[in-house]
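For the sequence shown, our numbering gives the first residue as 324, with consecutive numbering after it.
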Amino acid sequence: CCHARESSYLDKGCPGTDFKYHDFRDSDIRNFFKAVEEMANQDYFGVRLGKYIEVPISISNSKIIDYSTKFRTDFLDIFLLAKCKFLIGSNTGITDVAYLFRKPIVKTNMTQFFGEIPLAGEKDLFIPKKYWLKEERRNLSFREIFDSPVSRLLRSEQLEQAGIELIENTEEEMLDITVEMDKRLKGTWESTEEDEALQERFWSIIMESDMFVDPPVSRIGATFIRQNQYLLE
324 CCHARESSYL
334 DKGCPGTDFK
344 YHDFRDSDIR
354 NFFKAVEEMA
364 NQDYFGVRLG
374 KYIEVPISIS
384 NSKIIDYSTK
394 FRTDFLDIFL
404 LAKCKFLIGS
414 NTGITDVAYL
424 FRKPIVKTNM
434 TQFFGEIPLA
444 GEKDLFIPKK
454 YWLKEERRNL
464 SFREIFDSPV
474 SRLLRSEQLE
484 QAGIELIENT
494 EEEMLDITVE
504 MDKRLKGTWE
514 STEEDEALQE
524 RFWSIIMESD
534 MFVDPPVSRI
544 GATFIRQNQY
554 LLE
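Here it is, written out as structure tokens:
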């Protein structure tokens, strides 16, 4: 299953209420396309979830179903998440249903570390949005994020006032972490010594902050952290 958070869900589901303060959590379903197509090549059927969606899937592949625009019901939303092999998603409510059924989750575009990482299971993988500091034209490191109030900002206007723009995961980053999940579930993923060392560095930075009492059990995407080691400085 695949799901991208879009502001249209709250805009149409709760008309008359301004939910723009949540927009920083949104993601573009088009960045999921490469990952979904690769999973179809691996003999999966891909099912796109969502209600009141903005962007339909424009992929001509009989194994990729834009269920959200054609067939969706509340019951089937629950049923599909209960039966899927894993979910590719983001920080939104439907991901919690997958948690309830103990389904492995590829959580992309993570923005709220302190609220989301503790929920993750040992099979879950995640990659965050990058925090672009506009005035200095650079990305904040993880240490800068975790050692400041930035990691706890929960409204779009707060991030704007802090001079921060959140940068979505690219389609290549989404593809890499989805392939990692597929291989881990099949038992074919090979982790290197460098991978384990980078994971340890990432979690040591988190545990040096006051965000968690116990170390989480999920993992940040291996390719993402290899390609962005400067975030560990």
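All C-beta atoms in this analysis are idealised placements derived from N, C-alpha and C, irrespective of residue type, glycine included.
Nothing here was measured: the structure is a model prediction, and the numbers come from that model.
Contact annotation: Val502 and Ala358 have beta-carbon atoms nearer than 9 Å. If you draw a straight line from the Cα of Glu556 to the Cα of Thr546, it is about 17 Å long. Every beta strand (DSSP E) of 3 residues or more that sits fully in the stretch 470 to 540 is shown, in chain order, as 487 to 490. For Phe449, the three-state secondary structure derived from DSSP is strand.
Among the bridge pairs identified by DSSP, Cys325 is matched with Arg371, Ile411. Per DSSP, Val429 is one residue of the beta strand (DSSP E) stretching across 428 to 433. At least 9 Å separates the beta-carbon of Ile500 from that of Phe465. In terms of CA proximity to Gly510, Lys446 leads the group Lys446, Asp537, Val540, Arg542. Looking at the DSSP output, Arg461 sits in a beta bridge with Leu456. For Gln365, same chain residues with a beta-carbon under 7 Å away, outside a window of 5 residues either side, are Asp505 in chain order. With contacts defined as CB atoms closer than 9 Å, Lys452 and Ile490 qualify as a contacting pair. In this model, Gln481 and Trp455 are separated by some 14 Å (Cα to Cα).
By the neighbour-count criterion, in which 16 or more other beta carbons inside 10 Å mark a residue as buried, Val429 falls on the buried side.
Within its own chain, the residues whose Cβ lies closer than 6 Å to the Cβ of Val378, once the five positions on either side in sequence are excluded, are Ile352, listed in chain order. The shortest CA-to-CA distance from Lys335 to any of Arg348, Gly373, Tyr367, Met530 is the one to Gly373. Bounds of any alpha helix (DSSP H) do not take in Phe347, whose DSSP letter is neither H nor E. Closest in C-alpha terms to Tyr375, from the list Leu554, Thr340, Ser330, Trp512, comes Ser330. Note on geometry: alpha-carbon atoms of Phe525 and Ser514 lie some 16 Å from one another. Distances from the CA of Ile388 to each of Gly369, Asp397, Leu410, Ala405 were compared; the closest alpha carbon is that of Gly369. Lys343 and Tyr390 have their C-alpha atoms some 26 Å from each other.
Contact annotation: Phe535 and Thr434 have beta-carbon atoms that are not nearer than 9 Å.
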